[in-house]
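In this note's numbering, the protein residues as written are 4 to 140.
Every residue gets a Cβ at the ideal spot worked out from N, C-alpha and C, and that includes glycine.
Nothing here was measured: the structure is a model prediction, and the numbers come from that model.
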């Protein structure tokens with residue numbers, strides 16, 4: 004049975020067969036008991052890129068374009084290591100990074116397939132420069 008963004012929401016209730024953990028554990032096996040028994044660790048209790056993309060399709064089908072765009076960005080960030088995300092977040096705080104440093108962060112994001120987010124960081128460079136928010140280099 005194919006995924007239908009107009010009738011399969013909420014995925015966890017109507018199509019749990021389409022939802023799994025990053026290592027492939029089916030949604031029905033994601034239980035508190037499994038966590039307590041050590042069968043599921045913290046890295047398994049997160050949304051996958053595939054699930055986030057389906058949620059984006061659902062949002063788009065409901066006419067919620069901005070939410071769909073946010074979910075698409077979240078899907079591309081699912082493959083980016085948490086430590087890299089935190090470093091980029093810190094670098095984007097005003098006065099924390101130079102233009103070349105932010106461009107390097109954008110390149111690192113792009114190397115993980117996060118092209119939309121990398122473009123956002125590149126846009127931030129121009130906006131920060133115009134507002135005097137870049138670190139002195």
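{"Check": "So is residue 35 buried or exposed if we call it buried at 16+ other beta carbons inside 10 Å?", "Outcome": "exposed"}
{"Check": "Tell me whether residue 59 is buried or exposed, calling it buried when 16 or more other Cβ atoms sit within 10 Å of its Cβ.", "Outcome": "buried"}
{"Check": "Expressed to the nearest angstrom, what Euclidean distance is found between the alpha-carbon atoms of residue 68 and residue 96?", "Outcome": "27 angstroms"}
{"Check": "Could you pull the DSSP bridge partners for residue 29 from this structure?", "Outcome": "23"}
{"Check": "Check this for me: beta carbons of residue 117 and residue 70, under 7 angstroms apart or not?", "Outcome": "no"}
{"Check": "Hey, quick one: how far does the alpha helix (DSSP H) through residue 17 stretch, first residue to last?", "Outcome": "14-17"}
{"Check": "Less than 7 angstroms between the C-beta atoms of residue 31 and residue 19, yes or no?", "Outcome": "yes"}
{"Check": "Going by DSSP, what residue range makes up the alpha helix (DSSP H) through residue 119?", "Outcome": "118-134"}
{"Check": "By the three-class DSSP mapping on this structure, what secondary structure does residue 4 have?", "Outcome": "coil"}
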